[in-house]
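A.B. asks: In my numbering, the protein residues as written are 238 to 418. A single structure is presented below for examination.
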């Protein structure tokens with residue numbers, strides 16, 4: 238009879254929703270971006286990234302870092318469909334623009350960003366997406382500023398993570414088999 242409880246607990250663990258948040262921050266003056274990932278509001282991963290030759294260095298602590306090649310990121314096919322596999326609930330963007338030399342430049346940035354946000358909203362609605370987008374812009378006078386803050390809220394479960402991992406492993410196996418023939 239205990240196996241029934243174990244099976245129900247495993248079933249519930251696979252289908253229980255997991256709420257994750259990703260926070261990203263970029264400042265042109267720092268030439269770095271900072272990130273933090275939380276599950277249920279508890280930080281699980283964080284650090285900063287900086288551009289290096291041919292890729293990006295992600296620093297998780299003073300002693301731990303990972304290097305990601307631009308070729309590996311931009312050259313790979315999409316392994317999953319965000320609309321089907323993961324539910325993006327909210328996207329919040331705060332962009333701060335300012336220019337000492339060209340006072341019209343921040344307005345142009347804000348205008349183009351507003352148009353891109355409207356296009357995202359229209360495409361999201363047409364494709365059946367449920368993400369709520371909030372875009373805010375702060376403009377500065379007589380100060381050179383370029384900062385972007387982003388908050389993404391995603392809901393998923395362990396079953397979708399397992400399926401995504403299986404897809405990635407199968408694609409890697411497929412490319413390995415094609416390479417060895």
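We put the CB at the ideal spot given by N, CA and C, even for glycine.
1) Locate the beta strand (DSSP E) running through residue 275, then write down its first and last residues.
2) What residue range is occupied by the uninterrupted alpha helix (DSSP H) comprising residue 262?
3) If I measure Cβ to Cβ from residue 268 and keep anything under 8 Å in the same chain, skipping five residues before and after, which residues do I get?
4) Going by alpha carbons, who is nearest to residue 258 out of 394, 390, 248 and 243?
5) I need the straight-line Cα distance from residue 414 to residue 408, nearest angstrom please.
6) As a quick exercise: from 334, 301 and 264, pick the residue whose alpha carbon is nearest that of residue 282.
7) Considering only their Cβ atoms, is the gap separating residue 264 from residue 357 smaller than 9 Å?
8) Near residue 296, what residues of its chain come up, given a Cβ to Cβ distance below 8 Å and the 5 sequence neighbours on each side ignored?
9) From the DSSP output, which residues share a beta bridge with residue 336?
10) Confirm, please, whether the CB-CB distance from residue 373 to residue 402 is below 9 Å.
11) By the DSSP assignment, the alpha helix (DSSP H) with residue 359 in it spans what residues?
12) Between which two residues does the alpha helix (DSSP H) carrying residue 242 extend?
13) Distance check for residue 366 and residue 326, CA to CA, integer angstroms please.
14) Between residue 394 and residue 280, is the Cβ-Cβ spacing less than 9 Å?
C.D. replies: Let me spell this out:
1) 269–276
2) Premise fails: residue 262 lies in the beta strand (DSSP E), 255–264, not in any alpha helix (DSSP H).
3) The residues are 287 and 288.
4) Closest by alpha carbon: 390.
5) 10 Å
6) If you compare the alpha carbons of 334, 301 and 264 with that of residue 282, the shortest gap goes to 301.
7) no
8) 284, 285, 286, 287 and 302
9) 378
10) no
11) 342–363
12) 239–252
13) 9 Å
14) no
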